[in-house]
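Worksheet: one structure, shown below.
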Amino acid sequence: MHRPRTQRIRYAAALLLLGSTCAPAEPAQVNTIHDVFARLRTCWRPPDPSRAHPGIDITVIVSFNRAGEILGHPKITYESEQADDNDRLLYRIAVMEALQRCTPMPFSEGMAGAAAGRPFAVQFHNRKPPPPQPAEKRAWLTPKIL
2 MHRPRTQRIR YAAALLLLGS TCAPAEPAQV NTIHDVFARL RTCWRPPDPS
52 RAHPGIDITV IVSFNRAGEI LGHPKITYES EQADDNDRLL YRIAVMEALQ
102 RCTPMPFSEG MAGAAAGRPF AVQFHNRKPP PPQPAEKRAW LTPKIL
């Protein structure tokens, strides 16, 4: 079947547009140290409260290479005092899963050179939410307009 040239050009243009819009979105580049910590926080999923106590803090030291992959072995340097052996295990697993979710870190060219080989001490918190505060009742204090 013979198609006119303009129809073939439109067809090719449509294919190019569809191909470019269906491409997977690249993650935002990490340009600053603040961005590194922000990105790691988005990957953090604390253990299920039914399996581990909430309110446990854990700190890990991790380094990245220029490509944003983990360099060497991350090292746990702090765990809350009240953590028992089960909590320690579950929180360590949660930290390693967070690091796996976030790597390779999409460093910008400048940040890749600055971050490569440098240790980052990353604190992960799993704080209990504060109890809800009762709403103040000021029914007897009506504002006056003068």
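If you want the numbering used here, it's the position in the sequence shown, counting the first as 1, plus 1.
The beta carbon of each residue, even a glycine, is placed where N, CA and C say it ideally should be.
Assuming the contact rule is C-beta atoms closer than 8 Å, residue i and residue j should be a hit. Round their C-beta distance to whole Å, please.
i      : j      : result
Leu121 : Val37  : Checking the displayed sequence, the identity of residue 121 turns out to be Phe instead of Leu. Indeed, because the Cβ distance is near 6 Å, the residues count as touching under 8 Å.
Thr104 : Glu70  : 6 Å
Val61  : Pro75  : 5 Å
Leu72  : Gly118 : 6 Å
Using the DSSP secondary-structure output, state which residues sit across from residue i in a beta bridge.
i      : result
Ala117 : Phe65
Gln124 : Thr60
Measure from the alpha carbon of residue i to the alpha carbon of each residue in the options, then state which is nearest.
i      : options                        : result
Val96  : Glu80, Ser51 and Asn32         : Glu80
Asp49  : Arg102, Gln30 and Leu90        : Leu90
Tyr92  : Arg40, Ile57 and Leu41         : Ile57
Glu98  : Ala29, Arg42 and Arg67         : Arg42
Ser51  : Pro107, Ile77, Leu72 and Asn87 : Asn87
Pro107 : Ala53, Trp45, Ile77 and Phe65  : Phe65
Asn127 : Val31, Ile59 and Gln83         : Ile59
His54  : Asp85, Trp45 and Met112        : Asp85
Gly111 : Ala68, Trp45 and Cys44         : Ala68
Arg102 : Gln30, Ala29, Arg40 and His35  : Arg40
Ala116 : Ala29, Ile94 and Val63         : Val63
Quick check for students: name the residue ranges of the alpha helix (DSSP H) that lie wholly in the stretch 32-94, counting only runs of 4 or more.
34-44
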